[in-house]
Amino acid sequence: MATIDGAAFEDCYRRVFPLVLAKCRRMLPGQSDATDVAQEVFVRLWREREWVRDPQALTAWLYRTATRLVIDRARHATLSQVSLGHLQSLAESGVDDHQEEHFERRRQLQAIFNQVPEQELEAAILNRFDRLTQAEIAEVLDVGERTVRRLLDRFDARASTLRESC
Amino acid sequence: MTSPYTPTDHPSFLALDRAHLGIVAPGVGEHLQHCAECQRYVAELALPVSSGLASARAITSQRPARKSARIWGSGALAAAASVTLFFATQGEQRLTTSDAPGPATTEDVYVGAKGFRSVWVYVKHGNETRLWDGRQALSSGDQVRLKLDPGGYRHVEVYSRSEAEGPVLLYKGELSPGRVMTLPEAWEIDDSPLPERLFVIFSDAPVTPKWDEWSAGGTPPNVALLPIVLPKTGSTGAKPGSIQP
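Protein chains in written order, with my numbering: chain B, 1 to 166; chain P, 1001 to 1245.
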């Protein structure tokens, strides 16, 4: 796949859409949420195709774009409760967030989720849901590895504070 | 401080995705030979997909994007030829608000993935209404109506703006995130030779536009500004119209 253009798009779609959908499903267990975001990622990919040409750059772009779209939708509360609950688990630690007695705790988690800087959330999602190493996160977010470490540390600190306060 | 996230013995999903596309990082190929779980993941990536392919095909019919070029929302161009909407002719002043009845529903001709804020421009010329192609010059008396996909936004404001008059608010209202809507008002093109410049502002709440700052790309994270330039026939130095992404 040297380029993504014209007739090559359908072939690209068949090869790449499954991994985008898989990426979205890791973040969004709500089936329609994942499909919706995955399709939107492809709309953007098509618009950006002149600048996304090789598979290395393509995959980094897809991970970055999908992650940011999910964060944007979570902040605008346009995701299902199932997906929102799963995203909020980023700040939790082995707690079943579907139990009704944790409703207040989840409400607080939503508030924190909205307040955490976007890049911290991106790094946390890529690390926890996608198992990316710090070097891979640095590549995807186009920042240095030290910055990635700082982002994850800050996010961990916020999550820890949150868990103690709940 | 160390991350609480427990590293696994598996490669990242990014590394596995790249292996699926033919870029196998050192160690990943060997891991794949012995790990049934990762083998299964990569094998599933090769399964045929059909969902969303129709949308993808529609998108392929659009022009490639350019950083400063026309962007049409969500693959609507593919449906343009078959779209016929009806505006009542009314309005005499420059971009005069019309209380024309709404157009026929367009949900059935929506093509593309929903979810990203987009604008369609419909132009009624004479008795014919069609989706603006991004270049067509408009004539005095033509009527313009907008259809919006708000994405995740909840509020929209539409302005007409010229150097002579400054910004004029044409419409403001609430949106339902993710729900495509056609604005209830249509506007008539005047006989001025200057292009019409519309500005669609998506936001989460009513805003006070900071034109200079926002036009330079400095919109706040919860605001999206989409300029639309509608050229007119007979205007000197008329340039193709545009919708900025």
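Glycine residues also receive a C-beta, built at the ideal position from the N, C-alpha and C atoms.
- Residue 1209 (chain P) sits in coil when the DSSP states are folded into three classes, being neither helix nor strand.
- Under DSSP, residue 151 (chain B) takes part in no beta bridge, so it has no partner.
- In the structure shown, residue 47 (chain B) adopts helical secondary structure according to DSSP, grouped into three states.
- Annotation: residue 1187 (chain P) to residue 1171 (chain P) spans about 10 Å, alpha carbon to alpha carbon.
- Around the beta carbon of residue 1212 (chain P), fewer than 16 other beta carbons lie within 10 angstroms, which makes this residue exposed.
- The beta carbon of residue 1125 (chain P) sits closer than 7 Å to the beta carbons of 1139, 1142 from its chain, once the five residues preceding and following it are set aside; these are given in chain order.
- Boundaries of the alpha helix (DSSP H) around residue 1030 (chain P): 1028 to 1034.
- Contact check for residue 155 (chain B) against residue 27 (chain B) fails: the beta carbons are separated by 8 Å or more.
- A residue is called buried once 16 or more other Cβ atoms fall within 10 Å of its Cβ, and residue 127 (chain B) is buried on that count.
- Under the three-state reduction of DSSP output, residue 1186 (chain P) falls in the strand class.
- Cβ atoms of residue 15 (chain B) and residue 141 (chain B) stay farther apart than 8 Å, at about 24 Å.
- Between residue 1177 (chain P) and chain B, the shortest Cβ-Cβ separation is below 8 Å.
- Here residue 152 (chain B) has 123, 124, 127 as same chain residues with Cβ atoms under 7 Å from its own Cβ, once five neighbours each way along the sequence are excluded.
- Annotation for residue 1209 (chain P): 1157, 1159, 1167, 1199, 1201, 1225 place their beta carbon closer than 8 Å to its own, counting only its chain and skipping 5 residues before and after.
- Residue state for residue 80 (chain B) is assigned as coil, using DSSP reduced to three classes.
- When Cβ-Cβ separations below 8 Å define contact, residue 1155 (chain P) makes no contact with chain B.
- The three-state reading of DSSP puts residue 65 (chain B) in helix, counting H, G and I together.
- Flagged as an interface residue toward chain B: residue 1017 (chain P), by a C-beta distance shorter than 8 Å.
- The contact set of residue 59 (chain B) on chain P, defined by CB atoms closer than 9 Å, consists of 1014, 1017, 1018, 1021, 1023 in chain order.
- Neighbours of residue 19 (chain B) in chain P, taken as residues at a C-beta separation under 7 Å, are given in chain order as 1017, 1020, 1045.
- For residue 84 (chain B), there are no C-beta contacts with chain P under 9 Å, since the nearest C-beta of that chain is about 13 Å from it.
- Assignment of residue 1214 (chain P) by DSSP, reduced to helix, strand and coil, places it in the helix class.
- Bounds of the beta strand (DSSP E) holding residue 1199 (chain P) are 1196 to 1203.
- In the three-state DSSP reduction, residue 18 (chain B) falls in the helix class (H, G or I).
- No Cβ of chain B is located within less than 8 Å of the beta carbon of residue 1034 (chain P).
- In the three-state reduction of the DSSP assignment, residue 1040 (chain P) falls in the helix class, which pools H, G and I.
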